[in-house]
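Using this note's numbering, the letters of the sequence shown map in sequence onto residues 1179 to 1289.
A short write-up of the structure that comes next.
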Amino acid sequence: MSAHRDTLRERAEALDALLERLEADEAAVRADRADQTADDEHDPEGSTLSGEWQRIEALRRAAAAERAEVDNVLARVDAGTYGVCEVCGRDIPAGRIEARPFATRCIDCAD
């Protein structure tokens, strides 16, 4: 159980770092968008600031959702329910836990 907790905490730390980078990237794009002289919509050399902002926002939402999943599973570890399917109550197979440490459902219930 300790190894899974460590894996989950490492993933949480990696997601926190990613979220910080994405926030910095988003702030930079906002600053660029505030520059009224930027004509990125007609720049043939690269993506638009709007497109870049959308990409960053999508990555941020995905990372935040995964971080919430990890927090949920860490709470299950602390509660002693980690590795038990939250739907049917059966043990989640070790192979599934190894492949997806933040799984909260067995394969049958995940569908």
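Beta carbons: idealized from backbone N, C-alpha and C, even for Gly.
Looking at the secondary structure, which residues open and close the alpha helix (DSSP H) in which residue i lies?
i     : result
T1259 : No alpha helix (DSSP H) holds T1259; DSSP gives it neither H nor E.
V1207 : 1180-1212
C1287 : 1285-1288
Per DSSP, what are the beta-bridge partners of residue i in this structure?
i     : result
D1269 : V1262
Tell me whether residue i sits in a helix, a strand or coil according to DSSP, three-state version.
i     : result
D1249 : helix
R1278 : coil
Output the distance between the C-alpha atoms of residue i and residue j, rounded to the nearest integer angstrom.
i     : j     : result
V1255 : D1286 : 21 Å
A1205 : E1230 : 12 Å
Y1260 : A1281 : 9 Å
A1190 : A1288 : 22 Å
A1240 : E1276 : 21 Å
Using beta-carbon positions only, say whether residue i and residue j come within less than 8 Å of one another.
i     : j     : result
L1227 : D1249 : no
L1193 : R1245 : yes
L1186 : A1242 : no
H1182 : P1271 : no
R1274 : C1284 : yes
I1335 : V1262 : Within the shown structure, residues of the chain are numbered from 1179 to 1289, placing residue 1335 beyond reach of any answer.
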